[in-house]
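Everything on this sheet refers to the single structure shown next.
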Amino acid sequence: MNNQLATHFRTYFQLPAADASALAGAFGLMNLFARSLGGISSDLLFKYVGFRGRIWAQFLALFFEAIFLFCFGLVDNSQPWYVALAVLVCFSLFVQMAEGTSYGIVPFMNKQQLAVVSALVGAGGNLGAVIAGFCFYRPINDPLIPFQVHAGYVMFWALLTPLYYWREHGGMFHGPAVTEEKVEKSQAEEPAGPAADVAV
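Under the numbering used here, the first residue of the sequence shown is numbered 277, with each subsequent residue one higher.
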């Protein structure tokens with residue numbers, strides 16, 4: 277989005293380059309508070325309904341991210357630029373909130389995989405930008421359709437959220453299958469690998 281928005285406002289809405297850049301900057305400006313808002317909402321839902329609250333927070337952030345991105349792709353240049361800006365701000369709010377809700381889930385991953393998961397979550401945005409650029413924006417020669425297709429891609433991942441399930445934490449609709457204490461005990465009883473055999 278950071279790569280596309282300034283060009284979109286400049287060429288499609290025929291705005292001066294400086295104005296187009298300023299409007300596009302509104303997308304990143306939401307980072308000042310929206311990412312934290314996502315983390316706070318994840319914490320609040322966790323407080324009241326447990327781990328499934330964090331999954332619901334992630335789902336809702338992704339769902340409305342897709343909705344507002346699709347709406348942004350419906351704003352044509354027959355409408356004033358500030359209509360597109362208003363939709364963009366709403367879209368960006370949920371984008372940054374989804375980042376916050378993602379990091380609300382990361383600490384609950386398997387301790388042996390936590391570092392890898394944290395790295396993947398941190399780098400995922402950069403990879404997603406490359407994928408979106410090559411798959412949605414470069415091959416489609418239309419100013420609006422790429423945003424709509426991109427929205428469908430986001431919605432696809434949002435609708436997969438109910439399938440996420442951890443046996444020690446549960447999922448959106450089901451509680452945990454086992455207690456965290458049992459999981460930690462089973463992990464502690466697993467062989468530590470060749471290094472442990474050498475030490476013995």
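The beta-carbon is built from N, C-alpha and C at its ideal position, and this holds for glycine as well.
Fair warning: this is a prediction, and the values are worked out from it, not measured in the lab.
Count the other CB atoms, across all protein chains shown, that sit within 10 Å of the CB of residue i; report buried if there are 16 or more and exposed otherwise.
i: P422; result: buried
i: G314; result: buried
i: A468; result: Residue placement at A468 is flagged as unreliable, the pLDDT there being 49, under the threshold of 50; the coordinate-derived value follows with that caveat. Label assigned to A468: exposed.
i: V240; result: Residue 240 lies beyond the range of the chain shown here (277 to 476); nothing can be said about it.
i: R443; result: exposed
i: Y413; result: buried
i: V392; result: exposed
i: Q372; result: buried
i: L281; result: buried
i: F335; result: buried
i: F285; result: buried
i: V325; result: exposed
i: A294; result: exposed
i: A399; result: exposed
i: F340; result: buried
i: L364; result: buried
i: A472; result: Only weak support is given to the placement of A472: the predicted model assigns it a pLDDT of 39, under 50, and the value that follows is read from those uncertain coordinates. When all chains shown are included, A472 counts as exposed.
i: L436; result: exposed
i: P470; result: Confidence at P470 is low in this model, with a pLDDT of 45, below 50, so the placement of that residue should be treated as unreliable; the coordinate-derived value is given next. The residue is exposed, with fewer than 16 neighbouring Cβ atoms inside 10 Å.
i: G301; result: exposed
Return the CA-CA distance between residue i and residue j, expressed in angstroms with no decimal places.
i: F367; j: L338; result: 10 Å
i: S354; j: A434; result: 31 Å
i: V454; j: K323; result: 20 Å
i: F309; j: G451; result: 31 Å
i: P419; j: N386; result: 43 Å
i: Y441; j: Y429; result: 21 Å
i: I416; j: R330; result: 35 Å
i: F289; j: D352; result: 8 Å
i: L439; j: G447; result: 8 Å
i: G409; j: A298; result: 21 Å
i: M306; j: H445; result: 31 Å
i: V476; j: S394; result: Low local confidence applies: a pLDDT of 33 at V476 is under 50, so the model's placement there is unreliable, and no value is given.
i: L291; j: L361; result: 13 Å
i: S312; j: R328; result: 19 Å
i: F344; j: L369; result: 10 Å
i: V397; j: L390; result: 10 Å
Over what stretch of residues does the alpha helix (DSSP H) that includes residue i continue unbroken?
i: Q372; result: W357 to I381
i: F432; result: I421 to L436
i: A453; result: Taken as a continuous stretch (DSSP letters only), A453 belongs to no alpha helix (DSSP H), as it is neither H nor E.
i: N402; result: L390 to A408
Kindly confirm or deny that the stretch 367-387 and the stretch 309-327 touch, where touching means at least three C-beta pairs closer than 8 Å.
-> yes
For the stretch 289-354, which segments carrying the alpha helix (DSSP H) assignment without a break, of at least 4 residues, lie completely within its bounds, in sequence order?
-> 293-305, 310-325 and 327-348
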